[in-house]
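Participant: Next up is a structure, given as structure tokens.
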Amino acid sequence: MKTGELNEEDLATNPEKNNQSGASSEFKNPLKTVGFFGVYRYAATFDRWLLALGTLCAMGTGVIQPLNVLIFGSLTGDIIRYSSIAKNPLISDAEKEVAGVEFIDNIIAFAIKNCLLGVAMFILSYSSTVLYNYSAVRQVNKIRQLYFSSSLNQDVGWYDLEQTGDFASRMSEDITKLEDGMGDKVSMFLTFQVTFVASVILALVKGWELALICLTSLPITMISIGIVAVLTGKLAVKEMDAYGAAGAIAEEVLTAIRTVVAFGGQEKEIARYSNRLTFARNNNIKRSLLSGIGFGLLWFFIYASYALAFWYGIKLILEEKSLSPQERVYDPGNMVTVFFAVMQGSVNFGMSSPYIEQFGISKGAATKIFAVIDSAPVINAAKNVGLKPKEVKGDISFRKVHFEYPSRKGVKVLKGIDIEIKSGETVALVGSSGCGKSTCIQLFQRLYDPTSGEVFLDGKKLGNLDLTWLRSQIGVVGQEPVLFGTTIAQNIRYGNLSATDQDIEDAAKRANAHTFISSLPQRYNTLVGERGTQLSGGQKQRIAIARALVRNPSILLLDEATSALDTNSEAKVQAALDNASKECTTIIVAHRLSTIRNADRIVVLSEGLVVEEGTHQELMAKEGAYYHLVNTQYSANDFPQEYEDDDDPITTFDDRRASSMKGSILMEDMIPVEESNTTSLMAILKVNRPEGWNIALGCITSLIMGATMPVFSILFGDILGVLALPNDDDILMESNKYVIMFVVTGTITGIATMLQIYMFGVAGEKLTMRLRQMMFGAMLRQEMGWFDDTENGVGTLCAKLSGEAANVQGATGQRIGTIFQSVSTLGISVGVSMYFEWRLGLVALTFTPFILLAIFFEGRFVKTENENRHKTLERSTMIAVEAVANLRTVASLNAEDIFYNKYCNELMPQYRNALRNTHVRAIVLGLARSIMFFAYSVCMYYGGTLIVDEGMPFENVFKVSQALIMGTVSIANALAFTPNFQRGITAAGKIFNFVNRVPKVIDAPNASAPDWNPGNINYSRIAFSYPTRSAVRVLRGFDLSIVAGKTVALVGPSGCGKSTVLQLLERYYDPLHGNVSVDDDDIKEMKLSCLRSQLGVVSQEPNLFDKTIRENIAYGDNSRVVPEAEIIEAAKNANIHNFITSLPLGYSTRLGERGTQLSGGQKQRIAIARALVRKPKVLLLDEATSALDSESEKVVQEALDSARKGRTCIIIAHRLSTIQDADVICVIDQGRVCEMGTHAELLQQKGIYYTLQRLQKGKGV
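So the mapping is simple: our numbering equals the position in the sequence shown, first residue as 1, plus 1.
Shown next as structure tokens:
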């Protein structure tokens, strides 16, 4: 029974779980929300010091700007005072000259002070950015490691309840989002907030009455920002849930890609994936609308407060005009100081908006990630804790053990079993599929703990033993062996890290794997591909056995350990296992009763209880449950009598010849293919074309937003000019006109802000969804050879799907609006400056190239850094996903630390680079922020000389300098998002390269859709090598003709090419030479959909989906809606209907990820029903009954025999008893058909088939 398997009752007793489509408990259980400071919970003491210093520097940066306002206000007073003197005809030229000298001295003093502030700004900006980024890189690296470590160390039961499919999404996308809210964006946000507070304090000190009037909009502003932050934070969590679910679907589909392609399920899976993306898209568009409304109101209130401030400030100045200079509080200089202080505070508060949204997203990501880190295991808490006995005898006891899986509370799998196993004894557990055999093996490994009762080893409770020590004493070989994407040698070494090369070779010899390994060009250094996909089932099984044997275990657990082996290998491996069993205590689970005949004791389980135990002879004599199982299995399995006692010597053959390992990837093949990843914003916009009007409106509103700053500088200059008018009535009338202009500007700005954020939000979200769909669709279109490449492992592809599309968001949405707006501000500012005073404009512009050069070099630098970072994250995520997806195997091998160290080592080079690279970013940001101070100093000095020497209107100096400074500030603001923007452009280039890849197996230009009448299949002179290993020939001049309606069986040793023959018919691959044809039509000339619609496949390791049983069976025919009656009929024919109807939810029962809620036999029968519902012309059975117990096999075999009638059937089988009735049996060796005939004819020939048959009957090795 597989983990979490169904027996006659089911997980459906938990309807909440079943009603969730691929949802984890994360969707159901509210998680503890992480606060802003909670994001920094993993900061070490050194990080806290860095953050404290960074915070002080950020606060210092924030204080500098109000100081600039203070000295600027004084200078404004000096300028207006000098202008009044210069324009006054009553004042003598001598007095005017003295005033001019004094004015120039004041300007020089301002320039010096401002330059000093600029130097301080550069140093403090650089420091705060470096310190925050350095700390963020360190913390995120630690969080990545903790998250992976915690995921690896969760109990297996935790994974029964949680969703592992979104793991890649969490590892890449969510942690990147978390990082975005921890680094320099926090220091910038702090700077904005300190500037805001310091500016308000300065304003209140210089003129509290005017300051309070200016601040009237603040409470409303803060409330609107607060509401937006809360709502966007909640929506961000929902977004990550939806993307996590989409990631789970992608992982499930890519893992089972052969099944999806075989049944034409690509469109259905794209729709299922898109359904999750649609929710995320709509959710994020809603978030954009909320943000737009919130920040639109914010900017309206800011401009409205400007208007009120000028109106009230001028009123106060005029009221105090008659007072003596000592009594006056409000003069033009003071009013400008108060106004600019409040304005700067408000603007900085407003510029915080994108950061608040980012922090909401980061907190949402942290909530998910920290929930996993905080989840404490129960069983795995015993690692390196507890007893470590010096020796193991091997006495095992199950005493009154009751058990139910965590995902199915209330459904008992074991109901009080008692089993005693003595040291050195070999005990076999047998029984029908789903009776609890595999559960016993999992309980002994402590993958689960009993609900009640105890399991003992040498009289000690397993719970009291050190878990790591316990598992190190156990060798496990499972029914579906898991290999990892590394070399054969390393896969075997996982069983015993201290094993020498000689130990590995000896273990491989004992497992009958050495011969086929030695025939490979790289021998033990051959890479096996992700999940061992480059090996045949039998080869995988033998390496898994070698991995178990290299441990020299005290206890050996064999769960269908030889089920995937051909007869020749099985005989040898069984002998090796028998020898190993003599040296240790062994528990065997087997359906092939011939393999456990010599066990010391056989325990028969039924419905969670022990019903019989004894030796083979004792149980046969009882004529009970075991007797019934044996008779069922062997009733039709006897040799014809004339060969039964034949004592001819048996010719075993060396499977070195047949070891054409499936496209084995060698180290020398691992040469990365360089692709051009460059693209432009225009290329992204082209994909965004359907949202053209959204983008157009967003661009227009960004231009309007960009124009507001220069417009403000013009209004500001004119208002100051008004103050120099001699008549008070004129001042009031003119100022009222400009106040109204401010309100109008505020209204336009507010509407433009809302539309900008919303329109770019809509366009960005639709683009992101479209890109994800394009990528996923492109993945499902690729040929199988592409998936065989280690570069395209499931973990890597899932990381690409989530990571690349998430990165493209950095070049879309509000970020593109911010950048567009900044460019607009700069352009209009330059225009304004040139219009009002071109000489001053040119002086100010001399500083712009410094910023643009800084941006250019940072862009190039960031691009290189992003590419390196991206590759590192892909490779590290692939390691992490591989480990988590195969957690049971990792746990049984005690390999958690191995994978954790591999993961950390993969991250380390990029981590060191990232720490170094923090300095470049800080220099650019410091330069962008500080250069305005130097620019202002030069502009005001030169402007002052123009006022004195040429009588230039002083308001023009303010208009020109203010406009250009605003432009420079806007570039500094845009700089915060340039890394995201550059990352987005790079990611888009990768996506376009990928989407434009043309698969090597596609429909021919004029592909036809013939009727397959009659449907004769012909393989002619086929030569074939797998694309990833072209030097190893699998088929060599293979010829085979299959007459329509006939049953053809393919037999031969593991790795001889049997499955390859089926895959060529499916057109998973195309042959190098020769052709496969149906009714003389080359299948390359047929439409792929037409070809595959005629084929029904049942494979050795069936892939089921996290859907209902009904949906899984109906998946057999995705071209139509399959009626319920046909689903039930197919289930009955596959002998699974009664089991399904016994479940509380029947056909609506959800199967869990990869069908883990079913036993192997139950999965196989649903897979058979799925193939039958297709009503195919050709049935392809690749070990279709290998996972079934005797009773099920007999009934399913009858169903398959019935299904074969009237259709062509190609069978691959190791159990020769299942293919004796085939019309033709073909023995494949060395990539060719070397024997062909009926069962009786081949036995007469006494060749390879005869040898295989004799070995299977137990007379051979």
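By construction, the Cβ of each residue, glycine as well, lies at the ideal position given by its N, Cα and C atoms.
What residue does the beta strand (DSSP E) around T488 start on, and which one ends it?
Facilitator: It is not in any beta strand (DSSP E) - T488 carries neither H nor E in the DSSP assignment.
Participant: Distance check for R913 and T217, CA to CA, integer angstroms please.
Facilitator: 49 Å
Participant: Sorted by chain position, which residues of the same chain lie with C-beta nearer than 7 Å to Y1251's C-beta, five sequence neighbours on each side aside?
Facilitator: L1243 and L1244
Participant: Let me know if R288 comes out buried or exposed under the rule of 16 or more other beta-carbons within 10 Å of its beta-carbon.
Facilitator: Its Cβ being crowded by 16 or more others within 10 Å, R288 is buried.
Participant: Between the region 730-743 and the region 765-782, do three or more beta carbon pairs fall short of 8 Å?
Facilitator: no
Participant: For A212, which residues from the same chain have a beta carbon less than 8 Å from its beta carbon, with the 5 sequence-adjacent residues on both sides left out?
Facilitator: For A212, same chain residues with a beta-carbon under 8 Å away, outside a window of 5 residues either side, are V201, A204, L205, V339, A342 and V343 in chain order.
Participant: Beta carbon of T746, beta carbon of Y304: below 8 Å?
Facilitator: yes
Participant: Mind reading off the beta-carbon distance from I820 to A708? Whole number of angstroms is fine, and I expect it under 8 Å.
Facilitator: Rounded, the Cβ-Cβ distance is 16 Å, inconsistent with contact.
Participant: How far does the beta strand (DSSP E) with K416 in it reach, from first residue to last?
Facilitator: L415 to I422
Participant: Taking 7 Å as the limit between beta carbons, can you name the residues of its chain near A199, skipping five residues before and five after?
Facilitator: G63, V64 and P67
Participant: Unbroken alpha helix (DSSP H) runs of length 4 or more, entirely within the region 337-390: which are they?
Facilitator: 354-375
Participant: Since A429 sits in a beta bridge, which residues does DSSP pair it with?
Facilitator: Among the bridge pairs identified by DSSP, A429 is matched with I589 and I603.
Participant: For S150, which residues in the same chain have their Cβ closer than 7 Å to its Cβ, ignoring the five residues on either side in sequence?
Facilitator: Y901
Participant: Going by C-alpha distance, which of P1054, L1051, R1093 and V1052 is nearest E1067?
Facilitator: From the listed residues P1054, L1051, R1093 and V1052, the smallest Cα separation to E1067 is found for R1093.
Participant: Quick check on this structure: which residue in P90, E96, Y83 and I92 has the alpha carbon closest to the alpha carbon of I108?
Facilitator: Y83
Participant: Over what stretch of residues does the alpha helix (DSSP H) that includes F38 continue unbroken?
Facilitator: It is not in any alpha helix (DSSP H) - F38 carries neither H nor E in the DSSP assignment.
Participant: In the DSSP assignment, the beta strand (DSSP E) including D1183 goes from what residue to what residue?
Facilitator: V1179 to D1183
Participant: With the cut-off set at 8 Å, would you say A779 and V1122 are in Cβ contact?
Facilitator: no
Participant: Classify A24 as helix, strand or coil using the three-state DSSP reduction.
Facilitator: Any reading at A24 must be qualified, since the residue scores a pLDDT of 33, below 50, and its modelled position is unreliable; no value is offered.
Participant: Among T1029, C436, V744 and C799, which one has its Cα closest to the Cα of F301?
Facilitator: The shortest C-alpha separation from F301 is found at V744.
Participant: Which runs of the alpha helix (DSSP H) fall wholly inside the region 1047-1127 and span at least 4 residues, in chain order?
Facilitator: 1059-1066, 1089-1094 and 1110-1115
Participant: My understanding is that D1 touches G1153, with C-beta atoms under 8 Å, so please give their C-beta distance in whole angstroms.
Facilitator: The chain is shown from 2 up to 1262; residue 1 falls before or after that span and cannot be answered.
Participant: For T1209, name the three-state secondary structure that DSSP assigns.
Facilitator: strand
Participant: Identify the continuous alpha helix (DSSP H) that holds Y937 and give its terminal residues.
Facilitator: It spans E897 to E951 - the alpha helix (DSSP H) in which Y937 sits, taken as one unbroken run.
Participant: Give the range of the beta strand (DSSP E) segment to which N1019 is assigned.
Facilitator: I1018 to S1026
Participant: For H871, which of helix, strand or coil comes out of DSSP?
Facilitator: helix
Participant: With DSSP run on the structure shown, which of helix, strand or coil describes R139?
Facilitator: helix
Participant: Alpha carbon to alpha carbon, how far is V414 from V402?
Facilitator: 10 Å
Participant: Going by the DSSP bridge assignment, what does G990 pair with across the sheet?
Facilitator: For G990, which the question treats as bridged, DSSP gives no partner whatsoever.
Participant: Under three-state DSSP, which class holds M710?
Facilitator: helix
Participant: Look up E1242 in the DSSP assignment and say whether it is helix, strand or coil.
Facilitator: helix
Participant: By Cβ distance below 7 Å, which residues in the same chain neighbour L51 in space, the five residues on each side in sequence not counted?
Facilitator: L132, Y135 and S136
Participant: Along the chain, which unbroken stretches of the alpha helix (DSSP H) at least 4 residues long are found entirely within the region 1131-1161?
Facilitator: 1138-1142
Participant: Do you know how far the Cα of V141 is from the Cα of I176?
Facilitator: 7 Å
Participant: Checking the sheet assignment: what are the DSSP bridge partners for G615?
Facilitator: I603
Participant: Quick one: give me the first and last residue of the beta strand (DSSP E) that F264 is part of.
Facilitator: First-last for F264: undefined, no H or E at that position.
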